[in-house]
Amino acid sequence: MCGCSKNKPEEATPLTIYEQLKITDKSLSEADTGVIQEGITNWVKSFLAISSDTRDKEAINKGLYQSIANKEQKEKLKQDRESFYKDSVVIIEDVSPEIKSTKKATYNEKEVAVVDCKTTVRGMRNDQAFEKIYTMQMVVNYQTNVVSVYEVEDITWE
1 MCGCSKNKPE
11 EATPLTIYEQ
21 LKITDKSLSE
31 ADTGVIQEGI
41 TNWVKSFLAI
51 SSDTRDKEAI
61 NKGLYQSIAN
71 KEQKEKLKQD
81 RESFYKDSVV
91 IIEDVSPEIK
101 STKKATYNEK
111 EVAVVDCKTT
121 VRGMRNDQAF
131 EKIYTMQMVV
141 NYQTNVVSVY
151 EVEDITWE
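Counted from 1, the sequence shown has number 49 at position 49 by my numbering; the numbering is strictly sequential.
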């Protein structure tokens, strides 16, 4: 039989950005770490921790979920956010990232950073104070005017 095969080719799982990195053991300078910390604060405020009156939630959620590499963590985060925001008024008051470590890396011949950070988000949900602490490992581009989060390799929260 020509052109017929009982064995379907297995679909190749695309590599994550993290899997394609060449990571060094070199930490970033204090100045670069400060720039990254500010960039992570802006990213968290724009995607991860948004007030319930934020416009374009669908686009924001899509951007957030596309950046999460681990499928199980992505699904858990979706479920957590859906239940957290459902029938709720959420106001974000403070976002405080703490950089635990940075490592220089190369991705597609560009210098990027692998960043381990713990970010505390505080605010009000239905007039009750809340605090969420996110622990993340992410790949960021810090070489441009705006820090870009390429991928969140690992995310947990409490």
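For glycine and all other residues, C-beta sits at the position ideal for the given N, C-alpha and C.
Beta-carbon contacts of residue i that lie in its chain and below 8 Å, excluding the five residues immediately before and after
i	result
residue 36	28, 99, 102, 113, 115, 140, 142 and 147
residue 84	90 and 125
residue 60	46, 47, 50 and 54
Beta-carbon contacts of residue i that lie in its chain and below 7 Å, excluding the five residues immediately before and after
i	result
residue 108	none
residue 149	43, 67, 138 and 140
residue 17	107, 139, 150 and 151
residue 78	65
residue 104	24, 26, 28, 111 and 113
Residue i versus the options, residue with shortest Cα-Cα distance
i	options	result
residue 67	158, 136, 145 and 144	136
residue 193	61, 32, 82 and 26	Here the chain has residues from 1 to 158 only, and residue 193 is not among them.
residue 70	15, 133, 30 and 118	15
residue 117	21, 38, 63 and 20	38
residue 57	75, 81 and 76	81
Expected contact under 8 Å - CB spacing of residue i and residue j to nearest Å
i	j	result
residue 73	residue 23	Actually they do not touch by this definition, with Cβ atoms about 20 Å apart.
residue 41	residue 97	6 Å
Run of the alpha helix (DSSP H) containing residue i, from where it starts to where it stops
i	result
residue 60	57-67
residue 35	30-43
Boundaries of the beta strand (DSSP E) in which residue i is found, first to last residue
i	result
residue 105	90-107
residue 137	128-141
residue 111	110-125
residue 80	Not the beta strand (DSSP E): residue 80 falls in the alpha helix (DSSP H), residues 71-85.
residue 154	148-157
Cβ neighbours of residue i in the same chain (closer than 6 Å, five flanking residues each side left out)
i	result
residue 127	none
Three or more C-beta pairs under 8 Å: does that hold for the region 119-126 against the region 89-106?
yes
Cβ contact check for the region 42-59 and the region 81-90: 3 or more pairs under 8 Å:
yes
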